[in-house]
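Going letter by letter, the sequence shown gives residues 9 to 237 in my numbering. Even glycine gets a Cβ: it sits at the ideal position worked out from N, Cα and C. Presented below is the structure to which this report refers.
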Amino acid sequence: MNRLLVVIVGNQMQFFAVYPVIDRLHLGGLQQKPICTWLMITLLKLRAKSRHLFEVYALKLSNYYNKVTDEKGSTFEDIVDAYLAYLQLTVVDPVMEKALLHLQKFALDAQSGKVSKDRLRFGAPWRHPPHTDDPSICHQWAKIQLLDFVQSLVNTEFGVNYLADCSLEILDDPSAVALLEVGLLYAQRDPSFIRPITRGIQRCLVRWLVQQRLQMNFKESVEYFGKEV
């Protein structure tokens, strides 16, 4: 499989199509000697999302990069980890709050009769929203639903094939709809997968899940793990 390779040389960043060859890389038809891994960002890390690539590149040019690489044992991977932490705080965490608002709205719409009763007749836990418009209860319900959905994505290694697995019901799940609408997930048609928009976002979703589970109080833990049973 070909990959997009970003090579940083000095203050310039270049993009190449990479063909796997033993001990060598073919760049634009020319054979080059192997390039140090700390100069590369491949699809295995962040996928070819231009925003991610240029923001990591900016970190590489910053004083922070020189500080990290001067420390014993530090590598370019530390720059990627620092960028993922930045992405978590500035993008993923705020967007997940928006997704929670989508789920709270779904709960309120269901309570007020705006959602068809046939859609809520039986089945998955999301079909049983709280019978109240209390904001705190709706928020807690929304949080549990979103945690459960992200955990399900983790369990499937972020590869839900909704056609091959006969899982079209996932497109009705308000958690899936919310994450698609806020732009953290995307739905392919062929092959029919629902996935995070980048591998970097995927790693941030896992971090969000772990963080939220660590912050759960006793009541939330009982509801969350009780629902899994």
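- Here DSSP, grouped into helix, strand and coil, assigns A195 to strand.
- In the DSSP secondary-structure assignment, I202 is bridged to V168, A195.
- For a cut-off of 8 Å, the C-beta gap from L193 to I202 is around 6 Å, short enough to register as a contact.
- Non-local C-beta neighbours of P138 in its own chain, meaning closer than 8 Å and more than five positions away in sequence, comprise A115, Q119, I145, C146, W149, ordered along the chain.
- Spanning the alpha carbons of K227 and D89 requires a straight line of approximately 33 Å.
- About 6 Å separates the beta carbon of A186 from that of L111, a gap short enough to meet the 8 Å contact definition.
- Counting C-beta pairs closer than 8 Å gives fewer than three between the segment 124–143 and the segment 91–110, which falls short of the contact rule.
- Minimum Cα-Cα distance from L154 among the listed residues N225, Q220, E85 corresponds to Q220.
- Separation of Q159 and S229 (C-alpha to C-alpha, rounded to the nearest whole angstrom) is 14 Å.
- Here DSSP, grouped into helix, strand and coil, assigns A132 to coil.
- Nearest to T140 by alpha-carbon distance, out of R207, L222, G121, is G121.
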